[in-house]
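So the protein sequences, as listed, match chains A and B. My numbering puts the first sequence at residues 1010 to 1318. My numbering puts the second sequence at residues 5 to 284. Backbone N, C-alpha and C define an ideal beta-carbon position, used for all residues, glycine too. Everything on this sheet refers to the single structure shown next.
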Amino acid sequence: MPNAIETRQLTKRFGDVLAVDAIDLCVGTGEIYGFLGLNGAGKTTTIRALLGMIRPSEGEVKVLGQAVGPNGRGPWAQVGHLVESPSAYPELSVRENLDIARRLHGKPDSSLVDDIIERLALASYADRKAGTLSMGNLQRLGLARALLHKPELLILDEPANGLDPAGVIEVRELLRTLARDKGATIFMSSHILTEVDRLATRIGIIHKGRLIEELTAGDLEKLRTKRLEIRSRNFEAAQICLRSAGYPFTVKDETITILHPHAIEHPDDIAHILVNAGAAPTRLAVEQQNLEEHFMELTADSLTRESPK
Amino acid sequence: MNVTQESPQTGNPPEERSINPFLASLWAETLKIRRSRVPLFTAIGFSLMPLAGGLFMIILKDPEAARSMGLISAKAQLMVGVADWPAYFNFMSQAVAAGGLILFSIVTTWVFGREFSDHTAKEMLALPTSREAIVTAKFIVTSVWAMAVTLLIFGLSLAVGTLIVLPGWSTVLLRSAFVGILGCAFFTLGLIPFVALLASIGRGYLPPFGWTILTMVLAQFAAILGWGDWFPWAIPGLFSGVAGPRAEALGTHSYVLLLLTSIAGFAATYYWWRSADQTR
């Protein structure tokens, strides 16, 4: 089975601006891939390139095993998308907007529209003009349009944008159900890192146009794992006594990290061992990094540079 | 939101019946134009032309009343001269040539430019329906609307002329007026692809409006300088008889130029939709 999304050295320049820089993406069928990045990092440009809306300056894009053509040709009958802010024809009703999408997807079954209206909780707005919808309901309409034709692959740019907390949870459950029960592949960008953390099976972080890191489910799990971090003035003695006490550890930047459950549950025991060995800790803390912290670390240079002086 | 209901599934059955993409596009564009007020109000505006012409005819038929109306009377005499069917049809041809360029441009600008103003263009790109089908549907809907409105005002002008009992009626005149007015609309439509192109490249309304005004001004200059037959945007006006009999004003080269301009406009619009980066 081919990968749902594959890019090779995908590059996009707008004049002198390098928006996307040699990205190699590979998203397997059935994955939920979270695509993270700061504003202007290149997320939307990448998504538009995946959808054939912009021509790569260099590199190739394959979607569902088919090359996305320079004229925008691609396997779009099997792809649903939501790009940037949702939009609709304001003078048409919700139902009419969806009916247009249904026909342009070549689907003769008009019950698809009723089904998706029901599933996205849009029934009470079905005959209202799209121009009168709130941002949240407009987002639901955008999602409805993306899901209407039962696609194999969903490419969603900020799917939870504008939704209230209940809506965010509903969309999360909906996407999880699609991936789990129907084998749909989901490629989503989001600013809501906790949302991506909860939903994604793999995460790619784009920064200044480059894919700087990919985290697998295992990496994400590790990120969430608690650890005991230790610093001591007598660093050598601290390592020797911990090794003698049978606590495996790693060392990085003069910090000792222990993942042993007993140490995490009873840091006072570790403190006692260190003090007895003459290596009293200058720092002893149980830490648990989350995706947000990790993301901030990775993109720190931009945040520092862009913060007001 | 009920997530337990039927959800998207992998793959589409190959035997599934599907809608013809072009007909789907045509249906979508027709629905949009039916629901919008822009084409309706533009059609209403266009329909005022026969009424305006009829008013001029009434004024011209009664010189006493015309004198008492001052400037309006003078203007009416300047524009049409005498009150009869040939003058009325002549006025209508010129009105379609000049007004048509503006009104057809408004509707074309709306049909193409609204996709960018409403940010709906991005919903039309990654679809099994080709961009060519969508652009063709837009051109067809615009053209059908324009020709239907032209037929409507031709019918209205017949009704108005009959109501005010204009002299000089003949079947030959009717046929020639029909060809004249429909021809003006047809040639004006031939200039519309560049408006569509500008609405697409400019991603909105202002560039095509600017283009329309520019071409109208240039058409005036070209006609005044005697080069109107070589300037495509002056041809509908010259065809309407605004500068005298069309046979003297236009040659075969004029129609060929108009055709080539039209083809270039269509080709450029299709090429842009196929190839340009869509970033909005």
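Roughly how many angstroms lie between the CA atoms of residue i and residue j, to the nearest whole one?
| i | j | result |
| --- | --- | --- |
| Phe-198(B) | Lys-1138(A) | 32 Å |
| Arg-1236(A) | Thr-1259(A) | 11 Å |
| Thr-1053(A) | Ile-1164(A) | 11 Å |
| Phe-213(B) | Leu-1232(A) | 56 Å |
| Ile-1212(A) | Arg-38(B) | 45 Å |
| Trp-89(B) | Pro-240(B) | 21 Å |
| Pro-1290(A) | Met-1305(A) | 27 Å |
| Glu-1238(A) | Asp-1278(A) | 14 Å |
| Gly-172(B) | Met-61(B) | 13 Å |
| Phe-158(B) | Gly-187(B) | 12 Å |
| Thr-46(B) | Trp-114(B) | 11 Å |
| Asp-1202(A) | Arg-1185(A) | Here the sequence assigns Leu to residue 1202(A), which means Asp is not the residue at that position. Straight-line Cα distance between these residues: approximately 16 Å. |
| Leu-201(B) | Ser-1119(A) | 34 Å |
| Gln-282(B) | Leu-1045(A) | 22 Å |
| Tyr-209(B) | Asn-1012(A) | 41 Å |
| Ile-144(B) | Glu-33(B) | 9 Å |
| Asp-1206(A) | Ile-1125(A) | 27 Å |
| Asp-122(B) | Val-1088(A) | 23 Å |
| Glu-1100(A) | Ala-130(B) | 23 Å |
| Gly-165(B) | Ile-196(B) | 30 Å |
| Lys-1021(A) | Leu-1047(A) | 17 Å |
Should residue i be labelled buried (16 or more other beta-carbon atoms within 10 Å of its own) or exposed?
| i | result |
| --- | --- |
| Leu-229(B) | exposed |
| His-1325(A) | Nothing can be reported for residue 1325(A), as the shown portion of chain A is limited to 1010 through 1318. |
| Tyr-1256(A) | buried |
| Trp-231(B) | exposed |
| Tyr-1042(A) | buried |
| Gln-1297(A) | exposed |
| Asn-24(B) | exposed |
| His-1114(A) | buried |
| Ile-1249(A) | exposed |
| Val-1110(A) | The sequence shown places Ala at residue 1110(A), not Val. The residue is buried, with at least 16 neighbouring Cβ atoms inside 10 Å. |
| Asn-1149(A) | Note that residue 1149(A) is Arg in the sequence shown, not Asn. Its Cβ being crowded by 16 or more others within 10 Å, Arg-1149(A) is buried. |
| Ala-152(B) | exposed |
| Lys-1261(A) | exposed |
| Phe-116(B) | buried |
| Arg-1189(A) | exposed |
| Ile-48(B) | exposed |
| Asp-1108(A) | buried |
| Ala-87(B) | buried |
| Thr-175(B) | exposed |
| Asn-94(B) | buried |
Relative to the C-alpha of residue i, which candidate in the options has its C-alpha closest?
| i | options | result |
| --- | --- | --- |
| Ala-102(B) | Ala-125(B), Phe-60(B), Met-53(B) | Met-53(B) |
| Gly-194(B) | Ala-268(B), Ile-37(B), Leu-27(B) | Ala-268(B) |
| Val-221(B) | Pro-212(B), Ala-91(B), Trp-237(B) | Trp-237(B) |
| Gly-1218(A) | Glu-1161(A), Arg-1111(A), Ile-1032(A) | Ile-1032(A) |
| Thr-192(B) | Ile-205(B), Ala-181(B), Ser-147(B), Asp-233(B) | Ser-147(B) |
| Asp-1123(A) | His-1158(A), His-1090(A), Pro-1168(A), Thr-1141(A) | His-1158(A) |
| Thr-1234(A) | Val-1029(A), Ile-1267(A), Leu-1156(A), Tyr-1134(A) | Ile-1267(A) |
| Ala-1086(A) | Asn-1243(A), Asp-1025(A), Ala-1272(A), Leu-1162(A) | Leu-1162(A) |
| Leu-1142(A) | Ala-1130(A), Val-1103(A), Val-1180(A) | Val-1103(A) |
| Ser-1241(A) | Leu-1283(A), Arg-1128(A), Leu-1187(A), Ile-1273(A) | Leu-1283(A) |
| Glu-1245(A) | Glu-1263(A), Leu-1229(A), Ala-1254(A), Pro-1160(A) | Glu-1263(A) |
| Ala-1050(A) | Val-1295(A), His-1200(A), His-1275(A), Ala-1272(A) | His-1200(A) |
| Ser-29(B) | Pro-211(B), Ser-40(B), Arg-135(B) | Arg-135(B) |
| Val-139(B) | Phe-26(B), Leu-264(B), Ala-280(B), Gln-224(B) | Phe-26(B) |
Which residues in the same chain as residue i place their Cβ atom closer than 7 Å to its Cβ, once the five residues preceding and following it in sequence are excluded?
| i | result |
| --- | --- |
| Leu-1307(A) | Ile-1214, His-1216, Ile-1221, Glu-1222 |
| Thr-216(B) | Leu-105, Ile-106, Ser-109, Val-199 |
| Gly-1083(A) | Gly-1061, Val-1072, Gln-1075, Val-1077 |
| Tyr-1098(A) | Asn-1106, Ala-1139 |
| Lys-1116(A) | His-1158 |
| Leu-75(B) | Interpretation of Leu-75(B) is limited by its pLDDT of 49, a score under 50 that renders its predicted location unreliable; the figure taken from the coordinates is listed afterwards. Counting only Cβ-Cβ distances below 7 Å, and skipping sequence neighbours, we find nothing. |
Among the residues of its own chain, which have a CB less than 6 Å from the CB of residue i, if the five just before and after it don't count?
| i | result |
| --- | --- |
| Val-1177(A) | Ala-1169 |
| Val-1069(A) | Here residue 1069(A) turns out to be Glu, not Val, going by the sequence shown. Contacts found: Arg-1017. |
| His-1090(A) | Leu-1060, Ala-1155, Ile-1164 |
| Glu-127(B) | none |
| Asn-16(B) | Residue placement at Asn-16(B) is flagged as unreliable, the pLDDT there being 45, under the threshold of 50; the coordinate-derived value follows with that caveat. Within the same chain, Asn-16(B) has no close Cβ partners at all. |
| Ala-1209(A) | Ile-1041, Gly-1043 |
| His-1269(A) | Tyr-1256 |
Give every residue of the same chain whose Cβ lies closer than 8 Å to the Cβ of residue i, excluding the five residues on either side of it in the sequence, and list them in chain order.
| i | result |
| --- | --- |
| Glu-1093(A) | Thr-1053, Asp-1166, Glu-1167 |
task = With 8 Å as the C-beta to C-beta threshold (strictly closer), list the residues of the region 1086-1102 of chain A near chain B in chain order.
result = Of all residues in the region 1086-1102 of chain A, Ala-1086, Gln-1087, Val-1088, Gly-1089, His-1090, Val-1092, Glu-1093, Ser-1094, Ser-1096, Ala-1097, Tyr-1098, Pro-1099, Glu-1100, Leu-1101 have a Cβ within less than 8 Å of some Cβ in chain B.
task = Residues of the region 1110-1129 of chain A with a CB closer than 8 Å to any CB of chain B: list them in chain order, please.
result = Sequence-ordered contacts of the region 1110-1129 of chain A with chain B read Ala-1110, Arg-1112, Leu-1113, His-1114, Gly-1115, Lys-1116, Pro-1117, Asp-1124, Glu-1127, Arg-1128, Leu-1129 [C-beta pairs closer than 8 Å].
ask   = Taking Cβ-Cβ distances below 8 Å as the criterion, which residues of the region 1201-1224 of chain A are in contact with chain B?
value = Of all residues in the region 1201-1224 of chain A, none is placed with a Cβ closer than 8 Å to any Cβ belonging to chain B.
key: Contact list for the region 26-48 of chain B against chain A, Cβ threshold 9 Å   = Residues passing the 9 Å Cβ filter: Leu-27, Ala-28, Ser-29, Trp-31, Ala-32, Leu-35, Lys-36, Arg-39, Ser-40, Arg-41.
key: Residues within the region 1057-1070 of chain A neighbouring chain B, beta-carbon criterion of under 8 Å   = Per Cβ criterion, the list reads Arg-1057, Leu-1060, Gly-1061, Met-1062, Ile-1063, Arg-1064.
ask   = Between the region 110-122 of chain B and chain A, which residues of the former have a C-beta closer than 7 Å to a C-beta of the latter?
value = Within the region 110-122 of chain B, the residues whose Cβ lies closer than 7 Å to some Cβ of chain A are Asp-122, listed in chain order.
query = For the region 129-152 of chain B, which residues have a CB atom closer than 7 Å to at least one CB atom of chain A, in sequence order?
reply = Contact residues of the region 129-152 of chain B toward chain A are Leu-129, Ala-130, Leu-131, Pro-132, Thr-133, Arg-135 (C-beta to C-beta distance below 7 Å).
task = Name, going along the chain, the residues of the region 252-282 of chain B whose beta-carbon falls closer than 8 Å to a beta-carbon of chain A.
result = Identification of residues in the region 252-282 of chain B having a C-beta nearer than 8 Å to some C-beta of chain A yields Arg-278, Ser-279, Asp-281, Gln-282, given in sequence order.
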